[in-house]
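Presented below is the structure to which this report refers.
Chains as they are written, first to last, in our numbering: chain A, 50 to 663; chain B, 16 to 371; chain C, 98 to 218; chain D, 60 to 397.
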């Protein structure tokens, strides 16, 4: 017969309730995943993937490694609470196991061990565990203290803003805040009455006994501790703390390869319930530069959770992906927002039946400028110069009457309309017989690369030009300017192309680095993804971005996106160039290039190019 | 509306109208559309006013319809007009009176052109000589027939048997007028009252006891528009123009429409029938249309002429309700008898528009 | 009933300002206030990708909405590809993409409303 | 001390007199009316800063000191030029000997009644921009003749300007900005009203003019229709039906408004024609005085010793009129020093 007291009931009932609630919720979500996703879960369950998932759970859910990286103090707060509590449970269980000689005990025993065994003199490890538990409790209490402080003075954590609480959250939060102080008090009072405890609870017990009737207070304190635990467990599924267990589910699913799709799924539910509302996405969001404060990912995710997404939350977003890059839980926020746009938008077939027969040319390489490049004649001119210089047989696909790539439609959630444009462009590309598709616009690049399924290589012009240089098809001279390269969102975070532009630019410029680049690169403010923002606010974002990009006084600002160029050029104090312009300007001008005319695109000339090279 | 303002304006648009000895040129189409109007005009001038008015059987069209349909050259037109003037000269008259608005407009235009380009006048003389061995004098005064009625409106009113007063209410009849585009829109100073607030018909209506009602589309074309009607493909525009006017005037409940031009009364009258057949809509009271009168018919009515002598039986829109309002007796059994007492035939009954 | 004379009465092309309702413009303006800054310069229509192939003209649509002729806008607004060139060239800072997106949403709402009325009948 | 006679005591005449007097010349102003200030006396507020016309008038008047001889209610009757100076006979009996003459006979407001189709003087609710200024100046409310606040107001640009039919093919410069200014003022008085401007081109050439135009649309919701009024018609309730083409849509348009405001242009004043005869000056086809050189000597007339300033040499804003007057003062001074 195990030891028992009525005060363990709130804890026990709460724990049982929580277990059932979580099991039912997660089982339903996993069951309702799309069929192919469910298959991934089944096949991944008993594979090495589960091991990786466990490791990740340990690193992220307990140690909060990513939060540490972003903000050490915040990381410590999360870690002290999560990992500390975990250790308390772990050590408590060890202690129990050893104390009861390996017998399994009900879950409340390790939690309330000190009540049932205040000072077991016969237990050889008593002093060791008392010390271990006191140290751990101190860590946890320090976490609680930090949490209090964060709530009161968020600036202390270097955060400009913190998240706003809902009533359910407040209940759970209050419970969480008092759990460990109550444990501390209960153990201290018990120690005062019966001995036991170590430097923390032991000393505190002695101290309290000086002026408090600890013999009467100990038992109520244990009740309070149990009650706080029970309350926390019961309120957890209805509060933000749901993120604690859900993140574990997320990590497992993610390791099995489950991902966000164009529409909402139950995986979306797992993701949005994994959000800890830590709020790091708020400061990361450049919209705050324009004083737009209520659309950030944490609020957006919250609105998805509460099923009240409005067009402002869904559409007033640059989709730059900076929040994705920093999210400690790794929630695929951009995809969720994209899916919410899909659900909000009108899907309409045959919107573009007026487009037909745009004409096709046979070529090896297709160059697609895209709508935005057409408003940047210098990029067009540079690309044409470079393509001619390369001697490749190319077709400037949208030179006269091109149509949109479909990405803007997709960003607006109009999937059906985007598909129609994609089909029209794709038919032309396939008919041309080209093997390489090059575009000077990252917005186009992303959609051609991910959605077109062309079966040929799709390159951003930075990749293509780099290849031309490496293959010796064009030759560049070194210039002396210091330059900063700005990662366009759709190219960098959007498509993972960070190095090729830098390698290419290094041929002719001295590249400087800036504090916010690559995965932390800034949005130019011009983003096509944001349908709501007005131009004045856009300019504020652009202005701030330029300030950060030019912090080391470069001579040039180089980007790989015509839209970014346009946005920066309006406000930049230094010249803004596209990669192609830099390359074109550093091109070794051979007599040969100058002589080439419009018709110079056939394979025959490639041979003569080789002759000249020889 | 400030009448004072209008009066000031009207004063600017007065013209000399000869008081006697007129040379009269008829209209091509009126004699078919409203055959008694010109006769009535001559009767009023000769019998009521004792004026001399001369006609020459050899006069022809002025070419207005083909001219405005872009089918003849200006040279042809001015030679034909020169011949008309030559007939006048030959008869010993100097005061040219046109029955037709378009003729009046065209004569005005040609005279104005000759004034600015004397070589064109010379050319006309040469061509007329080559073609007919005729010579001509330019008229001393050029007037539209309505100008003459306008000039003597008070004399006619003094002789009138009926006033434009509704017998039942004792109120003046409400009249909307349509001036005819070619009367003064091209040369406002050649029309009485100008183009914006023309007075020639208003003067008659006021003199005969009626009340003029302005309506928004007062200046809008009646719908004839030459090519609009003559080319069948355009005919929808013609009828749409008339409908625009009807819709605009209907809220003012006019007792009748007074017109100035050969085409206008015809289209304003006949299109009411066509619209009623096509859309089932009528614009007058009790399913009748709004009666349309020429100024000669109006003059005949107030002078107490027999309505059937005025040719009112050739109207598509029944004029009987109007005659009833004024208190003019008429004998329906005589309606379709010709001047010789023979039955002239009766039109088919419209399916929507109410007739007697 | 209608008798066939071999021609029909032509429709009036005139914008009858007092008969048309400008409620759609007001709705659009609420969703995208920057529409008020449009001065009908036509740069958007000149650069328009869809405008190469159709008579799609944002300038014209804004005017039609301002005059209350919403129907022709509803019929044509989906021809837009949302490429955003118009936004970059607009001299008055109109958020043209947001504007078109809003017109599309409101058009659909109006279409649904009208359909419901028809169904009731 | 050399003497300058200024003909016309409006803005240009006053400003030039003050400047000439400061330069040490004896100055006389001849003004046909009973007070100085010209058209400014009847204007309420000025673009683009919405400043009070009477404040500017006060500023100008305060500079006119005792040393400047004013001949109010006076006309110039005769001018004889001898070798040294001009002998000018005035209607108040004075004979003046003067060394130079500045003509600043200003402009007349176009008589809107000449555009009959717009119904000014005939339709109750058609007024001109000058009438509206008078209403604002008298602190009256803009009302329809039936005494209600107009719900919809149409403002018609280019009335008597850029109009071959009205005989004035030039642009009067100030009407566009005045229209926008008045439209905003109307909206400020009657926030619930709708205001429509019917224009051919919007000529917002001055500094800040474009900003005001933008504000008119964005802040005040004033609507602009690119189309010239073809005709107006009075409805039985006194409202006015306007017909124009919305040229940007290529469709005819009709609209009922409760009040119409005609933006009347500037035409050469009757006085200009009269003085032209007396002084043997040249005028151009537009009726305004010829000047010696458009760019370099814009205040020199075709006759030595006679100078011209202000709106008598073509429509001008007040800013340009004052600058013109100052330029004339300098040019006169240069002439007198020779």
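We treat Cβ as the ideally placed atom computed from N, Cα and C, and that holds for glycine.
Going by beta carbon distance, what residues of the same chain come within less than 6 Å of residue 157/B, once the five residues before and after it are set aside?
111, 122, listed in sequence order.
Report the start-end ranges of each beta strand (DSSP E) in the region 240-316 of chain A that is 3 residues or longer and not cut off at the edges.
none
Run through the region 407-488 of chain A for me and flag every whole beta strand (DSSP E) of 3 or more residues, listed as ranges in chain order.
With a minimum length of 3 residues, the continuous beta strand (DSSP E) runs that stay inside the region 407-488 of chain A are 414-417, 443-445, 485-488.
For residue 21/B, decide whether its Cβ has a neighbour in chain D, counting only Cβ atoms nearer than 7 Å.
yes
Using a Cβ cut-off of 7 Å (strictly closer), state whether residue 175/D contacts chain B.
yes
C-alpha distance - residue 501/A paired with residue 199/C, whole-angstrom precision
Distance between the alpha carbons of residue 501/A and residue 199/C is about 28 Å.
The alpha helix (DSSP H) that contains residue 2/B, what's its start and end?
The structure shown has nothing for residue 2/B, since chain B only spans 16 to 371.
For residue 161/C, return the contacting residues in chain D, with the cut-off set at a CB-CB distance below 8 Å.
308
Name the one or two DSSP bridge partners that residue 40/D has.
Nothing about residue 40/D can be reported from this structure: the residues present for chain D run from 60 to 397 only.
Residue 164/C at chain A interface by Cβ criterion, 7 Å
Residue 164/C does not count as touching chain A.
Relative to the C-alpha of residue 441/A, which residue among 522/A, 422/A, 268/A, 418/A is closest?
522/A
Contact the region 354-369 of chain A vs the region 570-584 of chain A: 3+ CB pairs below 8 Å
Using a C-beta cut-off of 8 Å, the region 354-369 of chain A makes contact with the region 570-584 of chain A, since at least three inter-stretch Cβ pairs fall below that distance.
Ignoring anything shorter than 4 residues, give me the alpha helix (DSSP H) runs that lie fully in the region 80-130 of chain A, in order along the chain.
84-94, 97-105, 114-119
Distance between residue 114/C and residue 353/B (C-alpha atoms, nearest Å):
51 Å
Can you pull out the residues from the region 99-110 of chain C whose beta carbon lies closer than 8 Å to at least one beta carbon of chain B?
Residues of the region 99-110 of chain C with a C-beta atom less than 8 Å from some C-beta of chain B are 99, 100, 102, 103, 104, 105, 106, 107, 108, 109, listed in chain order.
Among 158/A, 371/A, 574/A, which has the Cα closest to the Cα of residue 275/A?
158/A
Could you check how far apart the C-beta atoms of residue 101/B and residue 49/B are, in whole angstroms? I think they sit under 8 Å.
With a Cβ gap of about 29 Å, residue 101/B and residue 49/B do not count as contacting.
Does residue 392/A pass the burial test, meaning 16 or more other C-beta atoms within 10 Å, or should it be called exposed?
Taking all protein chains in view, the Cβ of residue 392/A is surrounded by fewer than 16 other Cβ atoms within 10 Å, so the residue is classified as exposed.
Could you check what DSSP says for residue 189/B in three-state terms: helix, strand or coil?
strand
Cβ of residue 100/D within 7 Å of any chain G Cβ:
Looking at the structure shown, chain G is missing, and the protein chains on hand are A, B, C and D.
Does DSSP classify residue 138/D as helix, strand or coil?
strand
Cβ shell of residue 133/D (< 6 Å), same chain only, five flanking positions each side left out:
89, 149, 150, 151
Is the region 459-478 of chain A touching the region 508-516 of chain A in the sense that three or more CB pairs, one from each, lie closer than 8 Å?
no
Nearest to residue 556/A by CA position, among 175/A, 150/A, 632/A, is which residue?
632/A
Identify whether residue 323/D lies in helix, strand or coil by the three-state DSSP scheme.
strand
Could you tell me the boundaries of the alpha helix (DSSP H) in which residue 497/A lies?
491-500
Suppose you measure from the CA of residue 338/B to the CA of residue 102/D; what does that come to, to the nearest Å?
Taking the straight line from one Cα to the other gives about 57 Å.
Residue 346/D versus residue 170/D: straight-line alpha-carbon distance, rounded
15 Å
Using the Cβ count rule (16 or more neighbours within 10 Å means buried), how would you classify residue 192/A?
buried
Cutoff 7 Å: residue 184/D Cβ touching any chain C Cβ
no
Could you name the residues of chain A that residue 210/C contacts, counting a contact when the two beta carbons are closer than 7 Å?
Result: empty, since nearest Cβ-Cβ is about 15 Å, beyond 7 Å.
Residues in the same chain with beta-carbon distance under 7 Å from residue 136/B, minus the five sequence neighbours each way, listed in chain order, please.
129
Within chain D, partners of residue 157/C - CB distance below 8 Å
307, 308
Report the CB separation of residue 178/C from residue 470/A in whole angstroms; it is logged as a contact under 8 Å.
6 Å
Find the residues of chain A that neighbour residue 150/C, judging by a C-beta separation of less than 7 Å, and give them in chain order.
From the beta-carbon of residue 150/C, the residues of chain A found nearer than 7 Å are 403, 404.
Mind pulling the chain C residues with CB within less than 8 Å of residue 293/B?
Residues of chain C whose Cβ lies closer than 8 Å to the Cβ of residue 293/B are, in chain order, 99, 100, 102, 105, 106.
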